[in-house]
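Undergrad:
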Amino acid sequence: MGDCLKQSPSLLYKYLNLKSTMKIKNFFLILLCLSLGLSAGAKNKTKVIAHRGYWKIEGSAQNSIKSLEEADRIKVYGSEFDVHLTADNEAIVFHDNKVNDIKVQEVNYDKLKDIQLANGEKIPTLDQYLQKGKKLKKAKLIFELKSHATPQRDREAAAFILNKIKEYKLQKKTEYIAFSLEAAKEIIRLDKKAKVSYLNGELSPKELKSLGFAGLDYNYNVIKKHPEWVKEAKDLDLTVNVWTVNTAEQMQEMIALGVDYITTDYPELLQQELKK
């Protein structure tokens, strides 16, 4: 082949031109693959968190043991749940401040232990919930510590729940969120390795970073108002979670923004949207 090319300049020109064309085509093919890969990677980076577990299916209920099991079954990143401390220092997994006109933080656990959730389960204690949490194959525990009546009680609750997580050796499997700045700061103070995100929505990423937070976990409307906070947070190595995102349109909007986590009542819908 070499001798033929030397003897025929026109053939040499065609050969070199062909090689050049192939290189250009290969170059653009590589660029296309990289582009597609990066695009898919950006979508895949957004992770699913089941809001109060996966409860919008038969046999489940918000903050029930079943909702935790179902969230793990569908392989979400995390299952969010809410925790109150009762008057006699029993931690319960329940969202509302009141049930049957009983203020859950102002009574002893004995007055709450027989109350049933929508699926027939009793209100779980934190112990019962964490026992199940130790057996999860996939889902992390996204632990929301509810706000309590006073800053002192917030600090007491923070110390209590950290001791429980340590007791069950679930430190690496648990991430914390809170509306109470006092409670969140106390968790950060007591456990420097804890991943804590703030829920209330009024602090900028820069302010959160200065306080030692690992991320922001803000309502959809807050992120809509401040989309620039997503990039600002990432530049500061903070994570971004957004709640509670329940429509395909909103999900795609947040995926496009590049948020790290989306908290939703419809985790399987979000999983489908992430595949698009």
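Going by this note's numbering, the sequence shown opens with residue 18, and the numbers climb by one from there. Glycine included, each C-beta is placed from N, C-alpha and C at the ideal position.
(1) Taking only runs of the alpha helix (DSSP H) that begin and end inside the segment 55 to 101, which ones reach a length of at least 4 residues, in chain order?
(2) Got a sec, what are the start and stop residues for the alpha helix (DSSP H) F177 sits in?
(3) Exposed or buried, what is L207 when buried is set at 16 or more other beta-carbons lying within 10 Å of its beta-carbon?
(4) Beta strand (DSSP E) containing S214: first to last residue?
(5) Bridge partners of D234, per DSSP?
(6) How would you write the range of the alpha helix (DSSP H) that K157 sits in, first residue to last?
(7) Find the nearest neighbour of R172 within the set K157, N106, N258 and E224, judged by alpha-carbon distance.
(8) Throw me the rounded Cβ distance for the N238 and W260 pair, which I believe falls under 8 Å.
(9) If we count Cβ pairs, one from each stretch, closer than 8 Å, do we get three or more for the segment 149 to 156 versus the segment 187 to 198?
(10) Could you have a look at E192 and say whether DSSP puts it in helix, strand or coil?
(11) Given this structure, state the Cα-to-Cα distance separating L225 from L158, to the nearest angstrom.
(12) Is the segment 165 to 183 close to the segment 97 to 106, with three or more CB pairs under 8 Å?
(13) Tell me, to the nearest whole angstrom, how far the beta carbon of A231 is from that of L255; I am working on the premise that it is less than 8 Å.
(14) Roughly how many angstroms lie between the CA atoms of G76 and L228, to the nearest whole one?
(15) May I ask you to report which of helix, strand or coil DSSP gives A108?
(16) I'd like the span of the beta strand (DSSP E) that includes Y278, first residue to last.
(17) Measuring CA to CA, which of V257, F111, E285 and K242 is closest to I82?
(18) Going by DSSP, what residues sit across from I119 in a beta bridge?
(19) Look at the Cβ atom of K139, then the Cβ atom of K130, and state whether they are nearer than 8 Å.
TA: Taking the geometry as given:
(1) List check, alpha helix (DSSP H) in window: 82 to 90.
(2) P168 to E184 is the span of the alpha helix (DSSP H), which, as asked, contains F177.
(3) Label assigned to L207: exposed.
(4) Counting along the chain, the beta strand (DSSP E) containing S214 begins and ends at V213 to Y215.
(5) Per DSSP, N258.
(6) Boundaries around K157 are those of the beta strand (DSSP E), K157 to L162, since no alpha helix (DSSP H) includes it.
(7) If you compare the alpha carbons of K157, N106, N258 and E224 with that of R172, the shortest gap goes to N106.
(8) The Cβ separation is near 10 Å, so there is no contact.
(9) As far as the Cβ criterion goes, the segment 149 to 156 touches the segment 187 to 198, which means the pair count is three or higher.
(10) In the structure shown, E192 sits in a strand (DSSP, three-state: E or B).
(11) A straight-line Cα-Cα distance of about 22 Å links L225 and L158.
(12) Contact between the segment 165 to 183 and the segment 97 to 106 is present, because at least three Cβ pairs lie under 8 Å.
(13) Between A231 and L255 a beta carbon distance of about 7 Å is seen, short of the 8 Å cut, so the two are scored as contacting.
(14) When rounded, the distance between both Cα atoms is 41 Å.
(15) A108 falls in the strand class under three-state DSSP.
(16) For Y278, the enclosing beta strand (DSSP E) starts and ends at Y278 to T281.
(17) Checking every option, the nearest Cα to that of I82 belongs to F111.
(18) I119 pairs with V116.
(19) Contact: yes.
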